[in-house]
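Colleague: Numbering (the working numbering), first residue to last: 33 to 292.
All residues carry an ideal CB built from backbone N, CA and C; glycine is no exception.
(1) Please classify residue 231: is it buried, with 16 or more other beta-carbons within 10 angstroms of its beta-carbon, or exposed?
(2) Nearest-angstrom Cα distance between residue 192 and residue 82?
(3) According to DSSP, simplified to helix, strand and coil, what is residue 246?
(4) Alpha carbon to alpha carbon, how far is residue 57 from residue 64? Give it in angstroms, no decimals.
(5) Taking residue 160 as the reference, which of 247, 152, 142 has the closest Cα?
(6) Here's the rule: buried if 16 or more other CB atoms are within 10 angstroms of the residue's CB, otherwise exposed. What is residue 206?
(7) Apart from the five residues on each side of it in sequence, which residues of its chain come closer than 6 angstroms, Cβ to Cβ, to residue 76?
(8) Might you give, ordered along the chain, the residues of its own chain that have their beta carbon closer than 7 angstroms to the beta carbon of residue 194, omitting 5 neighbours on each side?
(9) Thinking residue 256 and residue 288 are a contact (beta carbons under 8 angstroms), I'd like their distance in whole angstroms, please.
(10) Would residue 104 and residue 201 be called neighbours here (beta carbons separated by less than 8 angstroms)?
(11) Quick check on residue 229: buried or exposed, where buried means 16 or more other Cβ atoms within 10 Å of its Cβ?
(12) Please name the residue or residues paired with residue 197 in a DSSP beta bridge.
(13) Pull the bridge partners of residue 44 from the DSSP assignment, please.
(14) Exposed or buried, which one is residue 110 when buried takes at least 16 other CB atoms within 10 Å?
(15) Using the C-alpha atoms, what's the distance from residue 69 back to residue 163?
(16) Could you check the C-alpha separation between residue 282 and residue 80 for me, to the nearest Å?
(17) Look at the alpha carbon of residue 44 and the alpha carbon of residue 222, and state the distance between them as a whole number of angstroms.
(18) Measuring alpha carbon to alpha carbon, tell me which residue in 94, 86, 78, 61 is nearest residue 50.
(19) How big is the Cα-Cα spacing for residue 291 and residue 246?
(20) According to DSSP, is residue 154 part of a helix, a strand, or is it coil?
(21) Candidates 102, 139, 73, 225: which alpha carbon is nearest residue 254's?
(22) Please name the residue or residues paired with residue 280 in a DSSP beta bridge.
(23) Check this for me: beta carbons of residue 286 and residue 270, under 8 angstroms apart or not?
(24) Would you say residue 112 and residue 151 are within 8 angstroms of each other, going by their C-beta atoms?
(25) Looking at the unbroken alpha helix (DSSP H) that takes in residue 148, where does it start and where does it end?
(26) Please state whether DSSP places residue 259 in a helix, a strand or coil.
(27) Tell me the residue span of the beta strand (DSSP E) that contains residue 161.
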């Protein structure tokens with residue numbers, strides 16, 4: 033079975049350019065085996081051959097692989113720190129911060145950033161970049177339709193101001209959508225945007241191997257301006273941040289202090 037999986041990883045790399053070796057093997061293999069079983073496949077080779085012929089199966093695989101679990105203002109206390117301490121710190125240096133929501137999934141994170149920024153800027157002046165490897169997730173993000181549950185942590189003033197409710201569904205306003213530029217991006221192989229004042233990348237790197245994390249953190253350093261900020265997820269504190277030219281300034285927030 034292990035040889036079969038090694039073959040599968042190689043074929044997926046050739047077929048779609050996703051390197052499964054950068055993901056924690058036990059976790060990823062278990063996820064894929066569960067998906068295979070659900071679809072009635074016993075071997076990785078049979079499953080791979082079906083993926084190359086069946087678009088629906090392929091889309092499901094990519095969606096499952098990229099683990100789209102998201103919500104607005106996930107861990108609200110951290111968003112409060114972003115608003116009360118981090119953004120004022122950034123705005124001392126620049127009045128037009130460049131912000132990137134990396135691995136943005138279905139849009140809850142970048143839209144949360146835009147709503148938070150309305151406390152500092154008029155909407156007409158807000159533009160942020162949001163990227164993800166999963167084109168289906170980006171499509172959903174652009175649609176901007178969410179279940180009530182994903183809004184539970186969002187300040188009520190934002191819910192009232194920026195959403196239209198229809199039963200269990202909430203539709204985000206076009207004025208918020210216009211503030212986000214969505215693009216396809218693979219953290220493990222594509223060039224990173226430059227001169228970012230704030231990078232938000234949360235609850236993604238926990239699925240990566242140490243080798244992959246090391247590469248991503250080095251690229252984040254190059255992507256940030258000096259004194260730019262990296263905001264990570266609740267289970268992603270960086271061990272030895274100085275190795276990546278970063279220093280912690282608040283829990284889950286790191287400042288670039290050196291080029292590497």
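Modeller: Judging by the given coordinates:
(1) buried
(2) 45 angstroms
(3) helix
(4) 10 angstroms
(5) 142
(6) exposed
(7) 36, 37, 40
(8) 147, 204, 205, 208
(9) 4 angstroms
(10) no
(11) buried
(12) 202
(13) Beta-bridge pairing links residue 44 to no other residue.
(14) buried
(15) 31 angstroms
(16) 44 angstroms
(17) 17 angstroms
(18) 94
(19) 15 angstroms
(20) coil
(21) 225
(22) 286
(23) yes
(24) no
(25) 140-149
(26) strand
(27) 160-164
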